[in-house]
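Peer 1: I'd like to ask you about the structure that follows.
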Amino acid sequence: MEGGFLAGQEGEIIGRKTAEAIYGRQQISAKSFHATDDGMKEGEAYFVIPGEWIAMRSSALRRGDSVEVLSVSGGAINLGTYRIAFVKDADEREVWDIGPAGEILYEPEAMPDRTDALAAIDHVEIIATKAEYYAIRDFAAGAGAPSLVLVQKEAEL
1 MEGGFLAGQE GEIIGRKTAE AIYGRQQISA KSFHATDDGM KEGEAYFVIP GEWIAMRSSA
61 LRRGDSVEVL SVSGGAINLG TYRIAFVKDA DEREVWDIGP AGEILYEPEA MPDRTDALAA
121 IDHVEIIATK AEYYAIRDFA AGAGAPSLVL VQKEAEL
């Protein structure tokens, strides 16, 4: 197998996250694992942006994307750019593509090809610091109605 690991190279994959289902006695390669870690830095955590705060977002949002969080009033207030940790439906299940080349084996699609989602997006979870999240939460609570626009940036696949 091209790019496969040989006996004795186990140390190269310890601690890495799998990019696909792996079964007993299956050959694996570097493509079987994510190239990067979860991207969290000291002081960061996952925070929910509830659907009731979101006035607009793309249906193509997926885990690993970055979003710029803006106020709904013409984007006058920029609340920062954050990495999406999870995109969830109303039942807390992750939203992903189910097309033939989609994420069934966690093979993320490029943004323009994300056309066959498993479910409708209800909310997202971002990676942020407590201070960053509280600023977003305070803005959304003070604004009342859905007040945030999530502008999708280039995917970090």
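Just so you know, we're using this note's numbering here: the sequence shown kicks off at 1 and counts up by one.
We put the CB at the ideal spot given by N, CA and C, even for glycine.
Of all the options 60, 27, 46 and 87, which has the alpha carbon lying nearest to the alpha carbon of residue 132?
Peer 2: Per the Cα distances, 46.
Peer 1: Give me the residue from 69, 71, 76 and 51 with the minimum Cα distance to residue 91.
Peer 2: Among 69, 71, 76 and 51, the Cα nearest to that of residue 91 belongs to 51.
Peer 1: Check the DSSP bridge columns for residue 80 and list the partner residues they point to.
Peer 2: DSSP lists no partner for residue 80.
Peer 1: Taking the C-alpha atoms as reference points, what is the distance between residue 160 and residue 58?
Peer 2: Only positions 1 to 157 of the chain appear in the structure, and residue 160 is not among them; the question remains open.
Peer 1: Mind reading off the beta-carbon distance from residue 19 to residue 33? Whole number of angstroms is fine, and I expect it under 8 Å.
Peer 2: Right, their Cβ atoms sit about 6 Å apart.
Peer 1: In three-state terms, what does DSSP make of residue 59?
Peer 2: Here residue 59 sits in coil by DSSP.
Peer 1: I'd like the list of long-range same chain contacts for residue 77, defined as Cβ closer than 6 Å, with 5 residues on each side in sequence excluded.
Peer 2: Within the same chain, residue 77 has close Cβ partners 71.
Peer 1: Quick check on DSSP: helix, strand or coil for residue 5?
Peer 2: Residue state, collapsed to three classes: coil.
Peer 1: Please state whether DSSP places residue 136 in a helix, a strand or coil.
Peer 2: The answer is helix: DSSP assigns residue 136 an H, G or I state.
Peer 1: Just reading off the beta strand (DSSP E) that residue 124 is part of, what are its end residues?
Peer 2: That run of the beta strand (DSSP E) goes 123-129.
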